[in-house]
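Colleague:
There are 2 protein chains.
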Amino acid sequence: MPSSSPSGRRRPPTLRDVAELADVSIKTVSNVVNDYPHVKDSTRERVREAILQVGYRPQVVAQQLRTGESTMITLAVPSLTFSYFSNLAQEFIDEAQRRGRTILLHSTSAGREAERTVLEGFERVFGDGLIFNPLQLEEELFARMERTSQPTVFIGEHLPETLPQGSDYVRIDNVSAMVDATQHLLAQGRTKLAFLGVIDTVLGRQPHSSGSMRRDGFLAALEQAGIAHVPTRFQQVGDWHRPDGFAGARQLMERHPEIDGIVCGNDDLAIGVLAQLRQLGRHVPEDVAVIGYDDTPDSPFAIPALSTIAPDKHSLAATALDVLIERIGGYDGPPRTIDAPYSLVVRDSTVAGAGMNAPLPSEVLRETAETTVPAATTATTATTAPILPGPDHEELPR
Amino acid sequence: MPSSSPSGRRRPPTLRDVAELADVSIKTVSNVVNDYPHVKDSTRERVREAILQVGYRPQVVAQQLRTGESTMITLAVPSLTFSYFSNLAQEFIDEAQRRGRTILLHSTSAGREAERTVLEGFERVFGDGLIFNPLQLEEELFARMERTSQPTVFIGEHLPETLPQGSDYVRIDNVSAMVDATQHLLAQGRTKLAFLGVIDTVLGRQPHSSGSMRRDGFLAALEQAGIAHVPTRFQQVGDWHRPDGFAGARQLMERHPEIDGIVCGNDDLAIGVLAQLRQLGRHVPEDVAVIGYDDTPDSPFAIPALSTIAPDKHSLAATALDVLIERIGGYDGPPRTIDAPYSLVVRDSTVAGAGMNAPLPSEVLRETAETTVPAATTATTATTAPILPGPDHEELPR
DNA sequence: AAGCATGTTTGCAACGTTGTAGATTGAGGC
DNA sequence: GCCTCAATCTACAACGTTGCAAACATGCTT
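Written as structure tokens, this is what we have:
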């Protein structure tokens, strides 16, 4: 099929080349390519052959220029080195594909500047829309911004109430999720709880506002249960990675050996905590129960398997794409805020014997071995997109 | 800055709009935008103001159409749910950014068909180059293909000798890496070694050719050491994920309780193996040494921390981009094959006390806590791209 | 056989940009 | 004050595509 030239990379063939070969007008070739119905069968046939012969492919940029529409959507996330974001990105790629769109992936790991660039119209206009998970962007920036430069959907957890015109917001209700997580520990009879994952505000800015929302959820649950909270049981950490959990847990347990439950800001922290507790000779969950947040792929493989909050990434991606595509399609109503669902996954780190005590073959894993509590929040959009047929999982990479 | 319209999303401003406002020709505005030197200062100033006022951004598609060059490069990898690929993708995104290019990320998780589509010119022409990590594509397809439809760099491990015109190949020498890994176990005095990670060939095709290369390396090391290999010590697995390692290790140890070292196809398998050995009451590394491949982010957090082969993803990405950009620039020499370096990372799972016995705060982690043996393979291209200044690496993802 | 409806094909213009080459301006030299 | 030359600016065309409307062909009706 891909015909080849003897040597040298030449200019790719265009409609014109096909037209000349098939001896029709350029427009007719275009009509054939676009399945325009009123083309004589014989002509169509001839054109098709010519297309194959010269190896014609539509030039996307020209189409875009002409029609003003591309099939591309930009996704900007902080960094794929966080498995939460890489999994989320994969969801977006798959869902976009299903909707006939291609994801242009931008990573804002370079920090606040990169985020601002992305938001401020991306310094150059690309694709028809933007899905954006800001991490460090100051709230005031949003406030100042009356309208986004292209249709935009924000995802993440810590945006201000008022969004710019032309944007929507799909989020996981972190507070409510953490309330659930905390109540789960309380329901196990744990009363001396700690929250690990407070980050110092640097220069007056809050690097992880999702952290404060999760802390708020923790607090709210305690209050609801009528339990006084001990301020020093809020453990600071330097960042939200495993080593930070490891280090934080040591400090925490030194200060408060009485603690019987730790609510962690995310799974990575929790896994670090598990390692530390193990080193300190504390048994999980008997002595201390630990719960995380994110349901990263390795949380079921932690020792013991980690209980956690599982945000419904699939639903998040599907919803975000749907509302974005709606905006691209011309909808220009006021900003909407939509909650994506999450669930509480109970494993061994909070309830002995709750999950597997042995990993099972992958297929069965998620179905049987865990107790999943589909939690409170509303699923606003249909989340059950059909799974593509195909030999998807018969074998796997490396 | 982004000026706003009272309401309604309007057509984005063009050069023409700026030109009218500044009362100059379109071309002059273009000249200002492109920093063309021969523009009177006063004019330049006036145009600049107009640009700000209307909020002009260059329309990338029009530029591309006109110049025939885009700044976009397509990266096609199997699935971001594998941390190897998501980390690799992040490297590519960062490196591309550094080179003023944007990565268009495609995932071929849909399988062989998706891979073929990507390779065969992507059904539509996009961006000006392709970096492609095929997984399932049959070798014969490459053989049939005389020339790629756009400049292409293949990455991965199992391509045939002859590549299509217009493409290059950057790889990690899997065989040699596995020789090193195996020799490391031998050097620890282990002699009853097993390889875990053979996958049944389905329908005559080898789903994981990287698997067979790694097995070959294992074998070669044994032969070099003059050790007879026991065929039944090659453990089959259903796939290359943790549960498969878990299941495989059970079978293996039942058949061969004498085994004192297991070389695993990748880290995920190895982590499953560790879990199984733990359950069987075998101590690692005292009773059995275990080594993986990939250096996934959680391997230092395995219990015990996992020794492994660390492919230099940064170098891989940098090299691939460099050769691709060279081709985009017009170079059309014969296909090149370039080896990217790797290293052997020794941790507790092969040498007690080798690595950390406790995770350290992130900053110190990679520098101090591990023994890294920069291994054999040749770094063909300069791999030391300057690290961007900025808060990029003050904390390490984990 | 002319008229008309339907089916098929085409030319033209435009999307927003930039390369080329030519037009205009201004300054300096005589 | 006129001419030359450089600096500055502009008109035009083209990149490859598609919407529009008009042109052409065909077959059917009367």
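These protein sequence lines are chains A and P, in that order.
In this text, residue positions in the first sequence follow the working numbering: the first is 1, and each later residue adds one.
In this text, residue positions in the second sequence follow the working numbering: the first is 1, and each later residue adds one.
Quick reminder that beta carbons are idealized off the backbone N, C-alpha and C, glycines included.
Tell me the start and end of each unbroken alpha helix (DSSP H) in the region 5-44 of chain A that is at least 4 residues and wholly inside, in chain order.
Modeller: Runs found: 15-22 and 26-33.
Colleague: Does any residue of chain A have a CB that is nearer than 8 angstroms to the CB of P:I131?
Modeller: Taking Cβ atoms only, chain A never reaches closer than 8 angstroms to P:I131, which makes this a no.
Colleague: Going by DSSP, what residue range makes up the beta strand (DSSP E) through A:I399?
Modeller: Outside the displayed range of chain A (1 to 398) lies residue 399 of chain A, so it cannot be described from this structure.
Colleague: Can you tell me whether A:D239 is buried or exposed? The criterion is at least 16 other CB atoms within 10 Å of its CB, across all chains shown.
Modeller: Burial call: buried.
Colleague: CA-CA distance, P:E363 and A:D244?
Modeller: Because P:E363 sits at a pLDDT of 33, beneath the cut-off of 50, its placement in the model cannot be relied upon, and the following sentence gives the value as read from the coordinates. Cα-Cα distance, rounded: 10 angstroms.
Colleague: In chain order, what residues of the region 298-324 of chain P put their CB closer than 8 angstroms to some CB of chain A?
Modeller: Correct list: D298, F301 and I303.
Colleague: With a threshold of 8 angstroms between beta-carbons, can A:R242 be considered close to chain P, or not?
Modeller: For A:R242, the answer is yes, since a Cβ of chain P falls inside 8 angstroms of its Cβ.
Colleague: From P:D267 to A:F195, what does the alpha carbon distance come to, in whole angstroms?
Modeller: About 31 angstroms.
Colleague: Mind reading off the beta-carbon distance from P:V263 to P:L277? Whole number of angstroms is fine, and I expect it under 8 angstroms.
Modeller: That belief does not hold up - the Cβ atoms of P:V263 and P:L277 are roughly 14 angstroms apart, past 8 angstroms.
Colleague: Do the CB positions of A:V61 and P:Q64 come within less than 8 angstroms of each other?
Modeller: Yes, they are a contact pair.
Colleague: Within 10 Å of its beta-carbon, does P:A320 have 16 or more other beta-carbons around it, so buried, or fewer, so exposed?
Modeller: Buried, because 16 or more other Cβ atoms sit within 10 Å of the Cβ of P:A320.
Colleague: Please report whether the beta-carbon of P:L65 lies at a distance below 8 angstroms from any beta-carbon of chain A.
Modeller: With 8 angstroms as the cut-off, P:L65 counts as an interface residue toward chain A.
Colleague: Anything in chain P within Cβ reach of A:N87, meaning under 9 angstroms, just list it in chain order.
Modeller: Those within 9 angstroms of A:N87 in chain P are L80, T81 and S86.
Colleague: So, are the CB atoms of P:H184 and P:L344 less than 8 angstroms apart?
Modeller: Their beta carbons are under 8 angstroms apart, which means P:H184 touches P:L344 by this criterion.
Colleague: Assuming the contact rule is C-beta atoms closer than 8 angstroms, A:L88 and A:A317 should be a hit. Round their C-beta distance to whole Å, please.
Modeller: Indeed, because the Cβ distance is near 7 angstroms, the residues count as touching under 8 angstroms.
Colleague: In three-state DSSP terms, what is P:G217?
Modeller: Residue state, collapsed to three classes: helix.
Colleague: In angstroms with no decimal places, state the Cα-to-Cα distance between P:R282 and A:L274.
Modeller: Their Cα atoms are separated by approximately 21 angstroms.
Colleague: From P:F82, P:P257 and P:E91, pick the residue whose C-alpha is nearest to that of A:S79; which is it?
Modeller: When only C-alpha atoms are compared, the closest one is P:E91.
Colleague: Quick check on the burial criterion: 16 or more other C-beta atoms within 10 angstroms. Buried or exposed for A:A228?
Modeller: Answer is exposed; the Cβ neighbour count stays below 16.
Colleague: Between which two residues does the beta strand (DSSP E) containing P:Y84 stretch?
Modeller: Looking at the DSSP string, P:Y84 is not in any beta strand (DSSP E); the run it does join, the alpha helix (DSSP H), is S83 to R98.
Colleague: Suppose contacts are defined by Cβ-Cβ distances below 8 angstroms. Is P:I131 in contact with P:I73 by that definition?
Modeller: In contact: P:I131 and P:I73 (Cβ atoms closer than 8 angstroms).
Colleague: Excluding the five sequence neighbours on either side, which residues of its own chain have a C-beta within less than 6 angstroms of the C-beta of P:R16, listed in chain order?
Modeller: Excluding sequence neighbours, P:R16 sits near I26.
Colleague: Does the beta carbon of P:F126 sit closer than 8 angstroms to a beta carbon anywhere in chain A?
Modeller: Chain A, which has a Cβ nearer than 8 angstroms to the Cβ of P:F126, makes this yes.
Colleague: Which runs of the alpha helix (DSSP H) fall wholly inside the region 212-299 of chain A and span at least 4 residues, in chain order?
Modeller: Listed in chain order, the complete alpha helix (DSSP H) runs (minimum 4 residues) inside the region 212-299 of chain A are 242-255 and 267-279.
Colleague: Please classify P:K40: is it buried, with 16 or more other beta-carbons within 10 angstroms of its beta-carbon, or exposed?
Modeller: By the 10 Å Cβ count, P:K40 comes out exposed.
Colleague: Give me, in chain order, the residues of the same chain whose beta-carbon lies closer than 8 angstroms to that of P:T232; leave out the 5 immediate sequence neighbours on both sides.
Modeller: Here the set comprises R255 and H256.
Colleague: State the DSSP-derived secondary structure class of A:A305, mapped to helix, strand or coil.
Modeller: Reduced to three states, the DSSP call for A:A305 is coil.
Colleague: To the nearest angstrom, how far is the alpha carbon of A:S315 from that of A:A340?
Modeller: If I take the Cα positions, the gap works out to 6 angstroms.
Colleague: Sorted by chain position, which residues of the same chain lie with C-beta nearer than 6 angstroms to A:A302's C-beta, five sequence neighbours on each side aside?
Modeller: I271 and L274, listed in sequence order.
Colleague: Return the bridge partner residues of A:V198 from the DSSP annotation.
Modeller: Beta-bridge pairing links A:V198 to A:Q236.
Colleague: Where does P:Y135 fall in DSSP's three states?
Modeller: Just to set this straight, residue 135 of chain P is Leu in the shown sequence, not Tyr. In this structure, P:L135 counts as coil in the three-state DSSP scheme.
Colleague: Kindly say whether P:A26, judged by its beta-carbon, lies nearer than 8 angstroms to any beta-carbon of chain A.
Modeller: The residue you asked about is not Ala; residue 26 of chain P is Ile in the sequence shown. Chain A, which has no Cβ nearer than 8 angstroms to the Cβ of P:I26, makes this no.
Colleague: P:G261 to P:I291, Cα distance in whole Å?
Modeller: Each residue's alpha carbon lies about 8 angstroms from the other.
Colleague: Thinking C-alpha only, which one of P:G217, P:V32 and P:G329 is nearest P:R44?
Modeller: It is P:V32 whose Cα lies nearest to the Cα of P:R44.
Colleague: Below 8 angstroms on the Cβ atoms is my guess for A:A338 versus A:D168; work out the distance and round it to an integer in Å.
Modeller: Note that residue 338 of chain A is Ile in the sequence shown, not Ala. Right, their Cβ atoms sit about 7 angstroms apart.
Colleague: Quick check: the Cα distance between P:F82 and A:F82, rounded to an integer number of angstroms?
Modeller: Using only the alpha carbons, I get a separation of about 12 angstroms.
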